[in-house]
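**Student:** Chains as they are written, first to last, in my numbering: chain H, 910 to 1108; chain L, 910 to 1108.
Note that CB positions come from ideal geometry on N, CA and C, so glycine has one too.
The structure's right below; bear with me while I get my questions together.
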DNA sequence: TCGCTTGTTGACACCGTGCCAACAAGGCGA
DNA sequence: TCGCCTTGTTGGCACGGTGTCAACAAGCGA
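Quick look at the structure:
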């Protein structure tokens, strides 16, 4: 233990909250939602269990903040994409996506898939927002900024393809990065040229 | 109550098990995994709660059987796909997929997305098997029966695209069936002609 | 009608969660 | 330095859900 256990110490609310949150991110990233109890989080943080509820309310509320952290991605360098022709821009956005998802693959890829188990409404909403953000990045990268809801929906579908393909690469290890890149670039080019136009 | 409540009746083990399972499928389809207790299942089935554990063991085991039922799809008429050129066969497999997923959309689409929440290993395995089956259907439909693990992985990725796109159609209602069909057909054609070949 | 097989029940103990009053750490004024 | 007061922190309480198991009874055969 790096911190002095067994001694009661007061922390600023923001510091304590962030400390518990970081511990929760680690635990929920390692194990599943059901396998991590609030007692585990409290013990790993060296804190009474009641304090977790005091700062985060419900366990589900804590989990919501956790996946919010996991899905928070450095939005930098999106606007700095090249202005070449369409295949060049597509290559850039695909490379950027693969860089991001491979950097913190375990947390991001796990969180983006955390929808299920019957699908809690709040969790689905947070994940949907992350997918929306990624879809917006795709649309802006291919130069379809002012686009209708159908294009947004198709972009979200493409993000679903990107996620499932990245999982075959990073989690299953059966695809190489080059294969994933080629698949995502070719399909995105097809979608932009042949499918996005009809809406 | 159609069945006589308050009266104790003996059923054959298979019949009782199937009755409880059908009730559980309905409840888990309506509400989420966490929102359905084994008490709810037992009460809806007019049965003591202990009997649910007697037949299915753990609540998670029951849920595994539930999603197994939800993901069970009439595999008929897959072999009866036409032998035309590639676009024709792709149209056929896409139409077949959209028919299947729209027929029992709520259960199948909900179950195929039930992976997350940190990802229970057993549940992930059942879902992965369903995705594998769908991917095999795609590969046979496009005439790539004897294909390597890379092609299988890409087919699974395509199933991920199909699932996310179908969700935009059936759950969000922002895409029409024609749009979904065009998107899935065009992308599958691109993948077969340009991406599957390099592996 | 009796007895036996076994489908079925109810209760028990355990665990995780949310809540709350009580406690004390640590800064402030005297 | 001492006492007080704010408030971060704790431990215990009650509740609901789960898994298990001995006891019960439904229904068939003798």
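Who are the neighbours of residue 1083 of chain L on chain H, taking C-beta pairs under 7 angstroms?
**Tutor:** As a first step, residue 1083 of chain L is located in the second chain; it is residue number 174 there, counting from the start. Neighbours of residue 1083 of chain L on chain H, chain order: 1058, 1059, 1062.
**Student:** Does residue 1118 of chain L get closer than 8 angstroms to chain H when you measure Cβ to Cβ?
**Tutor:** As displayed, chain L neither begins before 910 nor continues past 1108, which places residue 1118 of chain L out of reach and without an answer.
**Student:** Which stretch, first to last residue, makes up the alpha helix (DSSP H) that contains residue 1056 of chain H?
**Tutor:** Looking up residue 1056 of chain H in the first chain gives position 147. Per DSSP, residue 1056 of chain H belongs to no alpha helix (DSSP H) and is neither H nor E.
**Student:** Which residue spans inside the stretch 949-1030 of chain L form an unbroken beta strand (DSSP E) run of at least 3?
**Tutor:** none
**Student:** For chain L, find out if any of its Cβ atoms is closer than 8 angstroms to the Cβ of residue 859 of chain H; answer yes or no.
**Tutor:** The displayed coordinates of chain H run from 910 to 1108. Any statement about residue 859 of chain H would go beyond what the structure contains.
**Student:** Determine, using beta carbons only, whether residue 1051 of chain L comes closer than 8 angstroms to chain H.
**Tutor:** In the second chain, the residue the question calls residue 1051 of chain L occupies position 142. It does not; no Cβ of chain H falls within 8 angstroms.
**Student:** Taking 8 angstroms as the CB-CB cut-off, is residue 998 of chain H touching chain L?
**Tutor:** Counting from 1 along the first chain, the entry for residue 998 of chain H is found at position 89. By this cut-off, residue 998 of chain H is not an interface position.
**Student:** Please state whether the Cβ-Cβ distance between residue 995 of chain H and residue 1051 of chain H is less than 8 angstroms.
**Tutor:** On the first chain, position 86 is the one that residue 995 of chain H refers to. On the first chain, position 142 is the one that residue 1051 of chain H refers to. Taking 8 angstroms as the Cβ cut-off, residue 995 of chain H and residue 1051 of chain H qualify as a contacting pair.
**Student:** Just checking: is the beta-carbon of residue 966 of chain H within a distance shorter than 8 angstroms of some beta-carbon in chain L?
**Tutor:** Looking up residue 966 of chain H in the first chain gives position 57. Not closer than 8 angstroms to any Cβ of chain L, the Cβ of residue 966 of chain H fails to qualify, so no.
**Student:** Is it buried or exposed for residue 920 of chain H, if we count other Cβ within 10 angstroms and need 16 for buried?
**Tutor:** In the first chain, the residue the question calls residue 920 of chain H occupies position 11. Looking at its Cβ environment, which holds fewer than 16 other Cβ atoms inside 10 Å, residue 920 of chain H is exposed.
**Student:** Candidates H:1074, H:934, H:1089: which alpha carbon is nearest residue 980 of chain H's?
**Tutor:** Here residue 980 of chain H refers to the residue found at position 71 when the first chain is read from its first residue. Among H:1074, H:934, H:1089, the Cα nearest to that of residue 980 of chain H is on H:934.
**Student:** Should the stretch 1013-1032 of chain H be regarded as contacting the stretch 921-928 of chain L, the criterion being three or more beta carbon pairs within less than 8 angstroms?
**Tutor:** no
**Student:** Under 8 angstroms, do residue 947 of chain L and residue 940 of chain L count as touching if we go by C-beta distance?
**Tutor:** Position 38 of the second chain, counted from the first residue, corresponds to residue 947 of chain L. Position 31 of the second chain, counted from the first residue, corresponds to residue 940 of chain L. No. Outside cutoff.
**Student:** Of all the CB atoms in chain L, is at least one closer than 8 angstroms to the CB of residue 1086 of chain H?
**Tutor:** Taking the first residue of the first chain as 1, we reach residue 1086 of chain H at position 177. Not an interface residue.
**Student:** Taking all protein chains shown into account, do 16 or more other C-beta atoms lie within 10 angstroms of the C-beta of residue 1096 of chain H, making it buried, or fewer, making it exposed?
**Tutor:** Start at 1 with the first residue of the first chain, and residue 1096 of chain H comes out as number 187. It counts as buried.
**Student:** Counting only Cβ pairs nearer than 9 angstroms, list the residues of chain H close to residue 1073 of chain L.
**Tutor:** Stepping through the second chain from its first residue, residue 1073 of chain L is reached at position 164. Using a Cβ-Cβ cut-off of 9 angstroms, residue 1073 of chain L is close to 1040, 1065, 1066, 1067, 1068, 1069, 1070, 1072, 1073 of chain H, given in chain order.
**Student:** I'd like the list of long-range same chain contacts for residue 991 of chain L, defined as Cβ closer than 8 angstroms, with 5 residues on each side in sequence excluded.
**Tutor:** To locate residue 991 of chain L, count along the second chain from 1; it is residue 82. Around residue 991 of chain L: 997, 998, 1001.
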